[in-house]
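Notes for the one structure printed next.
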């Protein structure tokens, strides 16, 4: 039982560090794909645009979707790639 508790404690300790991991790619991302979203599924929904993610060997397009903001007046900040130190880093999208 002690081993399970220790393993769970270690997993919960390392879990936040995984969320801060950044993807670093030497090849620049392709131009974004122009999406034409239809009407929102309901009142209050916001379009979250698609983006290119790196799958370890190439860029893959993740299509956009409608999402409901987590709180009133929240604004979606789009995923985007930033050029840093000779490579590219994905800045994850988030609600602000």
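Numbering (the numbering used here), first residue to last: 208 to 303.
Ideal Cβ positions, reconstructed from N, Cα and C, are used throughout, including at glycine.
What you are looking at is a predicted structure, and each value in this text was computed from that prediction instead of being measured.
DSSP lists 255 as the bridge partner or partners of residue 272.
For the pair residue 297 and residue 265, the CB atoms are not nearer than the 8 Å cut-off.
When C-alpha distances from residue 299 are compared across 283, 252, 291 and 292, the shortest belongs to 283. In the displayed model, residue 301 falls within a strand according to three-state DSSP. Per the coordinates, the alpha-carbon of residue 255 lies some 7 Å from the alpha-carbon of residue 285.
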